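Input: a single structure, listed below in structure tokens.
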Amino acid sequence: MHLKFEVTLDDLIEYSYYTNWARPGKRRKRIVYTWGFGILLIEFLVLRYFLHDENIFIQGLIAGLLLLILVLRLCFTRWGIRKFYLGALKRDPKRYLMGDRVLDINDTEVVLSMQGVSSSLNWSLLSGLRETDRYLYLQLNKTQAIIIPKRIFLLEQELYEVKSFIESKIRTAS
Amino acid sequence: MTTLSFEQTIEDYAALDRYQHLSKSQRRLINRIELVVAAIAIGIHFYFRWFRPAEPNWVPSGEVWFFIILSLIIGITQLKWFYKIRVKAFIKNGKLTNVTGLRNLRLEDDALHIQTDNTESRITWPAFQYLKETKEHFFLFTDGNQAIIIPKRILPLAQEFYDMQSFLDQKIFLKK
Numbered sequence: 188m189h190l191k192f193e194v195t196l197d198d199l200i201e202y203s204y205y206t207n208w209a210r211p212g213k214r215r216k217r218i219v220y221t222w223g224f225g226i227l228l229i230e231f232l233v234l235r236y237f238l239h240d241e242n243i244f245i246q247g248l249i250a251g252l253l254l255l256i257l258v259l260r261l262c263f264t265r266w267g268i269r270k271f272y273l274g275a276l277k278r279d280p281k282r283y284l285m286g287d288r289v290l291d292i293n294d295t296e297v298v299l300s301m302q303g304v305s306s307s308l309n310w311s312l313l314s315g316l317r318e319t320d321r322y323l324y325l326q327l328n329k330t331q332a333i334i335i336p337k338r339i340f341l342l343e344q345e346l347y348e349v350k351s352f353i354e355s356k357i358r359t360a361s
Numbered sequence: 041m042t043t044l045s046f047e048q049t050i051e052d053y054a055a056l057d058r059y060q061h062l063s064k065s066q067r068r069l070i071n072r073i074e075l076v077v078a079a080i081a082i083g084i085h086f087y088f089r090w091f092r093p094a095e096p097n098w099v100p101s102g103e104v105w106f107f108i109i110l111s112l113i114i115g116i117t118q119l120k121w122f123y124k125i126r127v128k129a130f131i132k133n134g135k136l137t138n139v140t141g142l143r144n145l146r147l148e149d150d151a152l153h154i155q156t157d158n159t160e161s162r163i164t165w166p167a168f169q170y171l172k173e174t175k176e177h178f179f180l181f182t183d184g185n186q187a188i189i190i191p192k193r194i195l196p197l198a199q200e201f202y203d204m205q206s207f208l209d210q211k212i213f214l215k216k
């Protein structure tokens, strides 16, 4: 199978969002960053207004933690990730490898070619295939993957064939 | 054409991780934020110690510990063994794969070939973004996150080392 596509900044941002926040393995992080903020806020309000606790250190610490959780939460939204990527690209325009990619998938290996780099990977190196609404992620490990945008498949049948082939090869290799 | 064969160790990858963590501009921003937080903690500490000694109730007992823990968090990121433990943990929980093991490097006039147990890559010299030389390694960066590591220990002779250094200097932009 021969797939040719372009990886854009949006694709990288979406992958970063998925791998740092949205993927199933990040459930605990999502709970802490979302509910942690609420729990600390309630604790802060109870201490400050109901118990009239004047301990400035505890209140300061809780206020600091509130702020930290809020900042961390914002860092992992698409907005936060986009800001991060744009900032990094402004400092170093060659920071991320974007552009045209060719992916050759055959019985023995996966060959990825892009801008002067050509890598062939044995199937045994690939840990799984993950799917979102817009992408297939051919996972090398929990954080690294080959991004395949679904927009390159014009027919549902093509997508299904690629998915089944990759899944069968990974299953066999593992 | 030069061929190099070596075992890439956790220490080698930890050295790359440390370089990336401490040198990248976004990392420097995080370090700066950490330093500002630590400075605030120091400020709180001395404010209560020096200017409010008459009000011991205002001096929180935990604030000294807060400062010590912050300093440790900042200081620990400078240490080599922190990155070794970090890389080991990443490997253990599946966030990193194929970072250790045998590497066969073939340096040709137009490209670098690298072969591991599971992969084979060919990278043309213009595809490298920059070269970074540290005390113990050469890091050949293909983008901001990924690099080929050449440990200097595999070049024991001075002549070999200088030949490699000048060859890489010719091929890749050296980042000071």
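Protein chains in written order, with the working numbering: chain W, 188 to 361; chain D, 41 to 216. Beta carbons: idealized from backbone N, C-alpha and C, even for Gly. None of the values given here were measured: they were computed from a predicted structure.
Cutoff 8 Å: D/Q48 Cβ touching any chain W Cβ: For D/Q48, the answer is no, since every Cβ of chain W falls outside 8 Å of its Cβ.
Span separating the alpha-carbon of D/K135 from that of D/A54: Cα to Cα, the separation comes out at about 14 Å.
Positions along the segment 176-208 of chain D whose CB lies within less than 7 Å of some CB in chain W: From the segment 176-208 of chain D, only T182, D183 and G184 have a Cβ closer than 7 Å to chain W.
Short Cβ contact (8 Å threshold) for D/H177 with D/P196: Contact flag unset, no.
Where the beta strand (DSSP E) through W/A332 begins and ends: Where W/A332 is concerned, the enclosing beta strand (DSSP E) stretches over A332 to P336.
Per-residue contacts from D/L136 into chain W (C-beta, under 7 Å): The answer, in chain order, is N328.
Start-end ranges of the alpha helix (DSSP H) lying completely within the segment 293-346 of chain W, minimum 4 residues: Those alpha helix (DSSP H) runs which fall completely within the segment 293-346 of chain W and span 4+ residues do not exist here.
Nonlocal neighbours in the same chain, by C-beta distance under 7 Å from D/I50, ignoring five residues either side: K124, V127, K128 and T140.
Interface positions of the segment 153-177 of chain D facing chain W (Cβ-Cβ less than 7 Å), listed along the chain: Residues passing the 7 Å Cβ filter: N158, T159, E160, S161, R162, I163, T164, P166, A167 and Q169.
Distance CB(W/M301)-CB(W/L196) smaller than 8 Å: The criterion of a C-beta distance shorter than 8 Å is not satisfied by W/M301 and W/L196.
Beta-bridge partners of W/K277, as assigned by DSSP: Answer by DSSP bridge pairing: none, since W/K277 is not bridged.
Residues of the segment 279-296 of chain W with Cβ closer than 9 Å to any Cβ of chain D, in chain order: Listed by position, the residues of the segment 279-296 of chain W near chain D (Cβ gap below 9 Å) are D279, K281, R282, Y283, L284 and E296.
Secondary structure of W/T221, DSSP reduced to three states: Helix at W/T221.
Residues near W/R265 in its chain [Cβ-Cβ closer than 6 Å; skip 5 each side]: Within the same chain, W/R265 has close Cβ partners Y204.
7 Å CB neighbourhood of W/P336 in its chain, flanking five on each side removed: Once the five neighbours on either side are set aside, the close Cβ partners of W/P336 are F192, D198, R321 and Y322.
Counted within 10 angstroms of its Cβ, other Cβ atoms place D/L180 as buried (16 or more) or exposed: Classification for D/L180: buried.
CB contact flag (D/I113, W/G303, <8 Å): W/G303 sits away from D/I113, with the two beta carbons spaced by 8 Å or more.
Member of D/Q210, D/F86, D/I84 and D/T137 whose CA lies at the smallest distance from the CA of D/A151: It is D/Q210 whose Cα lies nearest to the Cα of D/A151.
Same chain only: Cβ atoms within 6 Å of W/N293, ignoring 5 sequence neighbours per side: Sequence-distant Cβ neighbours of W/N293 in its own chain, meaning closer than 6 Å and more than five residues away, do not exist here.
Identity of the residues DSSP links to D/Y170 by a beta bridge: By DSSP's assignment, D/Y170 forms a beta bridge with D/F181.
Proximity test, Cβ basis, 8 Å: W/A209 and chain D: Contact with chain D is absent for W/A209, since none of that chain's Cβ atoms lies less than 8 Å from the residue's Cβ.
Residue-chain proximity (W/Q246, chain D), Cβ-Cβ < 8 Å: Not an interface residue.
Whole-angstrom distance between D/S45 and D/I73, CA atom to CA atom: Our two residues, D/I73 and D/S45, have alpha carbons roughly 42 Å apart in a direct line.
W/S307 vs D/E160 beta-carbon contact at 8 Å: Closer than 8 Å, so yes.
Interface flag, W/G267 vs chain D, CB-CB below 8 Å: Nearest CB-CB separation between W/G267 and chain D: not below the 8 Å threshold.
Short CB-CB distance (under 8 Å) between W/G303 and chain D: Yes, contact with chain D.
Cα-Cα separation, D/R143 to D/T156: The straight-line gap from Cα to Cα measures roughly 5 Å.
Neighbour-count burial assignment, W/G201, 16 or more Cβ in a 10 Å radius: Checking the sequence shown, residue 201 of chain W turns out to be Glu, not Gly. The residue is buried, with at least 16 neighbouring Cβ atoms inside 10 Å.
Supposed contact pair D/N158 and W/L312 - C-beta distance, whole angstroms, cut 8 Å: With 8 Å as the limit, W/L312 and D/N158 qualify as a contact, their Cβ atoms being about 4 Å apart.
Simplified DSSP assignment, three categories, for D/H61: The answer is helix: DSSP assigns D/H61 an H, G or I state.
Whole-number beta carbon distance between W/L253 and W/L228, since they are thought to touch under 8 Å: Right, the Cβ-Cβ distance comes to about 6 Å (below 8 Å), so this counts as a contact.
As assigned by DSSP and simplified to three states, the class of D/L56: Three-state DSSP puts D/L56 in a helix.
Proximity test, Cβ basis, 8 Å: W/L254 and chain D: No, its Cβ sits nowhere closer than 8 Å to a Cβ of chain D.
Interface flag, W/A275 vs chain D, CB-CB below 8 Å: Yes - at least one Cβ of chain D is within 8 Å of the one on W/A275.
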